[in-house]
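Each protein sequence line maps, in turn, to chains P and A.
If you want my numbering, it's the position in the first sequence, counting the first as 1, plus 1364.
Note that my numbering numbers the second sequence so that position 478 is 466, with each residue one more than the last.
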Amino acid sequence: MRHTLVALVEDKPGVLNRVASLFRRRAFNIESLTVGHTERPGVSRMTIVIDSDQTSAHRVTAHLYTLVNVIQVDDLAEKPAVNRDLALVKVRAEGDSRARLLRVVDETRAHIVDTSATTVTLEITGEPEHLDLVIGRLQPFGVVEMVRTGLVAMARGDVAMRPPNGGYSNHAAVPLD
Amino acid sequence: MKRTGAQIIWESLVREGVKYVFGYPGGAILPAYDAMLDYPIHHVLVRHEQGGTHMADGYARAGGGVGVAMATSGPGATNMITGIATAQMDSSPIVCITGQVPSKLVGYDAFQETDVTGITLPITKHNYLVTDVRDIQHTIREAFYIARTGRPGPVLVDITKDAQQASADFEPDTSPIRLPGYRPDLRPLTADMHTAAELIREAERPLILAGHGVLMSGAMRELREFAERTRTPVAMTLLGIGCLPASHPLNLGMMGMHGEAWVNNAIQQADLLLAFGMRFDDRVTGNTKTYAPNAKKIHIEIDPSEVNKNVKVDVALIGDLRETLGQLLPHLGHCDHSEWLEYIDEMKGDTAVRDIQSLPDSGHLYAAHVINDLWRFTRGEALVVTDVGQHQMWEAQYYKHETPHSHITSGGLGTMGFALPAAIGAKFARPEAEVWAVAGDGGFQMTAAELATAAQENLKVNVAIINNGYLGMVRQWQEFFYERRYAATPMRSPDFVKLAEAHGLTGIRVTERSQIEAAVRQAEDTQGTVVIDFRVEQEDSVYPMVPAGADLHAMIRRPKPSVLAETAADR
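Below you can see the structure in the form of structure tokens.
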């Protein structure tokens, strides 16, 4: 199944390399990886999507903790979360098809962010499955170019990811399935 | 006060208590070497940077504290890789300091530039690139702290030449080290402690698997108390040897690929395995699908990423082994497992008869006899550093270690060439110890140049070369699994006696068992380093053996002595 790991890391040179290298070395395939700032200076947040079983997700979490610059790791597959992906899609839009395309845009909550005589560039935001669906509907028009940012995610409710104050849970001590 | 970056390096090393640095100079580290002469640290000039890292490793494992190796950029740094990976696999605390090309040239493929932090990223516990003189002090403090705490390991600090040359205000920093993502101080959950205590009380056939962690956390006393109070037998990993005296009645000896069959069978039949500071390496488990099928497993381990990695366990107690055992002991009463202990004893069966020690002296020199005699004539008191291969296994089987930290070897990485330089490092850490490097003819030649280091330092180590004219362990695998097709394993070596003499050292050749005692005595009585060339039986094999990936109970037993004597006579 798909696991969304969120890692708070120190914003230091080479951290991305350390995390990526760990996934490579332990033979985990990364589906997507995003890095960005957080509410606190000096702390970056990585969202890493992997396709693996529960045991492997626990394993990679434990390995992430062996990196000195990794402050905290959370697996959002285990809790309700908001997941967002963003895509830019440049679609062919000439003659008759242009009007049909605009109807699809209307129905799918896509935004037009750029146009030319022969193409329309759309921005689509939402759950990854929503993006898959919209992109599927755009395919018949002819997709000229496409990019997705990869997932960012956050747990729902009033919980927040905070670096622990000395109280770090023995995640790996939990008996595995 | 103003200090150059080079001076700050040495100020920092002195403040960490460093007495020895094993290194090799070069362009990008020259500022540091220039400043070295003003500080009370003894520099050991190695002959190859790999040797330097093994020396730092051997120094650390012998109990000297964090070992320090130094090298220049580019080839100096890449030569360290094997030693760093060795230290990483066996959790040995070393700090490697490398020079780097000036920061303005980093990324431009300058002369002797290499991305050493990139290269060593997966084989260090952590590493740093320092480009600013103001970062040198706190980086070196962090490096030592990370290397020695938690699960120890190698840390590399790469310092650009301009950072070494620049000056900055220097005040010794004694503030607490702040690493928000580094947690070496984990403790087990109370509920897990209670579950573990209950499993221990209920067990009828418990067995302790004692690993390197016992020695590194200094839990020898706690292990012994645990074993004696609960009457639980102890099997050791290769790196755990020495954590309980070999003569202790509850000590079963080594487990795994070349452990005794009855020890492995005891593991397979146990109903509770207590893994103390070990990581269920494939060399000790064999096929994990059939490993100890009826046993509950309790894992006491400092590194959470080792838990459930190779073998799924029922309870994990994460934390320092000594502290954790200390907290667990009050919950445990006295047990009596005499039935289980007697059963294990019965499983020994005809093992003693099959043992090579029962083989009469037939004029052939067996490696196992050499090791056994070395043990006898050194009264079991030597600090033995082994290389990798057949001799390493025979040493583990036949040198009976009574004290901790008296057995040093490259376990995880299996690095040939480890013994001589690691023995040199160990001797610096424990000058009063009688240090023996035991190596095969193949492994010895990989780092034989370090004989010159020993000679230059007037250092006394004894080197026993178990010389069978083959890369013996590979040859054994070819014999067992590749139809005796000896591809690239026969090896012609130089005259090791003359080689020793060329270094101004003493060389001795031994071809018969009767000569062993005199050779060992001569080595002990000679002032400098002595090399003994033991010309042993060429096609001898290490028994028993679990083939790689096979079930732990599916062992190749030793041939009966009569068979062994016949095959020896054939050759």
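Backbone N, C-alpha and C fix where the C-beta goes; we use that ideal spot for every residue, glycine too.
P:Arg1423 touches chain A at which residues, Cβ-Cβ below 8 Å? For the purposes of this step, residue 1423 of chain P is taken as the residue at position 59 of the first sequence. Ordered by position in chain A, the residues that pass the 8 Å Cβ test against P:Arg1423 are Ser293, Asn296, Lys297.
When you compare only the Cα positions, how much space is there between A:Leu313 and A:Arg367? Your numbering for residue 313 of chain A matches position 325 in the second sequence. Your numbering for residue 367 of chain A matches position 379 in the second sequence. Here the C-alpha atom of A:Leu313 lies approximately 32 Å from the C-alpha atom of A:Arg367.
Could you tell me which chain A residues have their CB closer than 9 Å to the CB of P:Ile1488, listed as they occur along the chain? Along the first sequence, one-based indexing puts residue 1488 of chain P at 124. Those do not exist, as P:Ile1488 stays about 35 Å from chain A at its closest Cβ, beyond 9 Å.
Under 8 Å between C-beta atoms, does A:Leu167 make it to chain P? Translated into the one-based positions of the second sequence, residue 167 of chain A becomes position 179. Yes, A:Leu167 counts as interfacial toward chain P.
For A:Thr312 and chain P, any beta-carbon pair shorter than 8 Å? Position 324 of the second sequence, counting from 1, holds the residue named residue 312 of chain A. No, because no Cβ of chain P sits closer than 8 Å to the Cβ of A:Thr312.
Starting from P:His1367, trace the beta strand (DSSP E) both ways and give me its first and last residue. Along the first sequence, read from residue 1 onward, the residue named residue 1367 of chain P stands at position 3. If you look at P:His1367, you'll find it in the beta strand (DSSP E) that goes 1366 to 1374.
Using the beta-carbon of each residue, which ones in chain A are nearer than 8 Å to P:Asn1381? The residue you call residue 1381 of chain P lines up with position 17 of the first sequence. Neighbours of P:Asn1381 across chain A, judged by C-beta separation under 8 Å: Gly106, Leu109.
Extent of the continuous beta strand (DSSP E) run through A:Phe264: Against the second sequence, residue 264 of chain A aligns to sequence position 276. Per DSSP, A:Phe264 belongs to the beta strand (DSSP E) from 260 to 264.
Would you mind stating whether A:Gln256 and A:Ala280 have Cβ atoms separated by less than 8 Å? The residue labelled residue 256 of chain A in the question sits at position 268 within the second sequence. The residue labelled residue 280 of chain A in the question sits at position 292 within the second sequence. It is a contact, given that the beta carbons lie within the stated cut-off.
Compute the distance between the beta-carbons of P:Ile1412 and A:Gly169, then report whether it is under 8 Å. If you number the first sequence from 1, residue 1412 of chain P lands on position 48. If you number the second sequence from 1, residue 169 of chain A lands on position 181. No, the Cβ-Cβ distance between P:Ile1412 and A:Gly169 is not below 8 Å.
Tell me whether A:Thr41 is buried or exposed, calling it buried when 16 or more other Cβ atoms sit within 10 Å of its Cβ. Translated into the one-based positions of the second sequence, residue 41 of chain A becomes position 53. Label assigned to A:Thr41: buried.
Answer yes or no: does any C-beta atom of chain P fall closer than 8 Å to that of A:Val89? Residue 89 of chain A sits at position 101 when you count from the first residue of the second sequence. False, the Cβ-Cβ gap to chain P never drops below 8 Å.
Per-residue contacts from A:Ile134 into chain P (C-beta, under 9 Å): Against the second sequence, residue 134 of chain A aligns to sequence position 146. Residues of chain P passing the Cβ test: Val1432.
Beta-carbon of A:Glu114 versus every beta-carbon of chain P: anything under 8 Å? The residue given as residue 114 of chain A occupies position 126 in the second sequence. According to the sequence displayed, residue 114 of chain A carries His and not Glu. Interface criterion met: the Cβ of A:His114 is under 8 Å from a Cβ in chain P.
Neighbour list for P:Arg1404 in chain A, Cβ cutoff strictly below 9 Å: Translated into the one-based positions of the first sequence, residue 1404 of chain P becomes position 40. The premise fails here: P:Arg1404 is roughly 11 Å from chain A at the closest Cβ pair, so nothing lies under 9 Å.
is_contact[A:Tyr12, chain P] using C-beta, thresh 8 Å: Here residue 12 of chain A corresponds to residue number 24 of the second sequence, with the count starting at 1. For A:Tyr12, the answer is no, since every Cβ of chain P falls outside 8 Å of its Cβ.
Whole angstroms are fine: how far does the CA of P:His1422 sit from the CA of P:Arg1409? Along the first sequence, one-based indexing puts residue 1409 of chain P at 45. Along the first sequence, one-based indexing puts residue 1422 of chain P at 58. One alpha carbon belongs to P:Arg1409, the other to P:His1422, and they sit about 19 Å apart.
Closest by CA to A:Val6, which one among A:Gly141, A:Pro28, A:Arg217, A:Tyr354? Position 18 of the second sequence, counted from the start, is the residue given in the question as residue 6 of chain A. The shortest CA-to-CA distance from A:Val6 to any of A:Gly141, A:Pro28, A:Arg217, A:Tyr354 is the one to A:Pro28.
Check the Cβ of A:Tyr170 against every Cβ in chain P and list those closer than 7 Å, keeping chain order. Taking the second sequence and counting its residues from 1, the one referred to as residue 170 of chain A is at position 182. Val1432, listed in chain order.
For the region 482 to 491 of chain A against the region 436 to 445 of chain A, do three or more pairs of beta-carbon atoms, one drawn from each stretch, fall closer than 8 Å, so that the two count as touching? Counting Cβ pairs under 8 Å, three or more are found: they touch.
Do you know offhand how far A:Ser293's Cα is from P:Met1365's? Along the second sequence, one-based indexing puts residue 293 of chain A at 305. Along the first sequence, one-based indexing puts residue 1365 of chain P at 1. Distance between the alpha carbons of A:Ser293 and P:Met1365 is about 21 Å.
Backbone CA spacing between P:Gly1530 and A:Ile306 [nearest angstrom]: If you number the first sequence from 1, residue 1530 of chain P lands on position 166. If you number the second sequence from 1, residue 306 of chain A lands on position 318. Reliability fails at P:Gly1530, whose pLDDT of 39 lies under 50, so the model's placement of it is uncertain and the value that follows must be treated cautiously. Rounded to whole angstroms, the gap between the alpha carbons of P:Gly1530 and A:Ile306 is 15 Å.
One or two residues paired with A:Tyr8 in a DSSP bridge: Indexing the second sequence from 1 puts residue 8 of chain A at position 20. Paired residue(s): A:His30.
7 Å CB neighbourhood of A:Gly62 in its chain, flanking five on each side removed: As a first step, residue 62 of chain A is located in the second sequence; it is residue number 74 there, counting from the start. Closer than 7 Å at the Cβ level, and outside the excluded window around A:Gly62, lie Gln100, Glu101, Thr102.
Which of the three DSSP states, helix, strand or coil, is assigned to A:Pro478? Here residue 478 of chain A is taken as the residue at index 490 of the second sequence, counted from 1. Correct three-state label for A:Pro478: strand.
For A:Val519, is the classification buried or exposed, using 16 other Cβ atoms within 10 angstroms of its Cβ as the cut-off for buried? Here the question's residue 519 of chain A lines up with position 531 in the second sequence. Buried: at least 16 other Cβ atoms inside 10 Å.
Say whether chain A places a C-beta atom closer than 8 Å to the C-beta of P:Ala1384. Sequence index remark: in the first sequence, residue 1384 of chain P carries index 20 (1-based). Output row for P:Ala1384: interface = no.
Looking at the C-beta of P:Ala1426, does it have a partner C-beta in chain A at a distance below 8 Å? Position 62 of the first sequence, counted from the first residue, corresponds to residue 1426 of chain P. Closer than 8 Å: yes.
Own chain, CB closer than 6 Å to A:Ser0, minus 5 neighbours either side, in chain order: Here the question's residue 0 of chain A lines up with position 12 in the second sequence. Taking C-beta separations shorter than 6 Å and ignoring five residues to either side along the sequence, the partners of A:Ser0 in its chain run Gln125, Ile128, following chain order.
Just to confirm, are P:Val1383 and P:Leu1431 a CB contact at a threshold of 8 Å? Counting from one through the first sequence, the residue named residue 1383 of chain P turns up at place 19. Counting from one through the first sequence, the residue named residue 1431 of chain P turns up at place 67. Yes; because the gap between Cβ atoms is below 8 Å, this pair is in contact.
Counting only beta-carbon atoms, is P:Gly1531 nearer than 8 Å to chain A? Start at 1 with the first residue of the first sequence, and residue 1531 of chain P comes out as number 167. Since pLDDT at P:Gly1531 reaches only 36, below the 50 mark, its modelled position is unreliable, and the value read off the structure follows with that caveat. Residue-level contact check: P:Gly1531 does not touch chain A, since none of the beta carbons of chain A fall below 8 Å from its beta carbon.
Quick one: what does DSSP say A:Gln543 is sitting in, helix, strand or coil? One-based indexing of the second sequence puts residue 543 of chain A at position 555. According to the sequence provided, residue 543 of chain A is Met. The question's Gln does not apply to it. Residue state, collapsed to three classes: coil.
Taking 8 Å as the CB-CB limit, is P:Ile1435 close to chain B? Of the chains in the structure shown, none is chain B; the protein chains are P and A.
Min CB distance A:Met(-11) to chain P below 8 Å: The residue given as residue -11 of chain A occupies position 1 in the second sequence. Chain P contact via Cβ: absent.
Going along chain A in order, which residues have a C-beta closer than 7 Å to the C-beta of P:Glu1374? Working through the first sequence from its first residue, we reach residue 1374 of chain P at position 10. Identification of chain A residues near P:Glu1374 by a Cβ-Cβ cut-off of 7 Å yields Pro168, Gly169, ordered along the chain.
Do the CB positions of A:Ile412 and A:Asp429 come within less than 8 Å of each other? Position 424 of the second sequence, counting from 1, holds the residue named residue 412 of chain A. Position 441 of the second sequence, counting from 1, holds the residue named residue 429 of chain A. Going by beta carbons, A:Ile412 and A:Asp429 fall outside the 8 Å limit.
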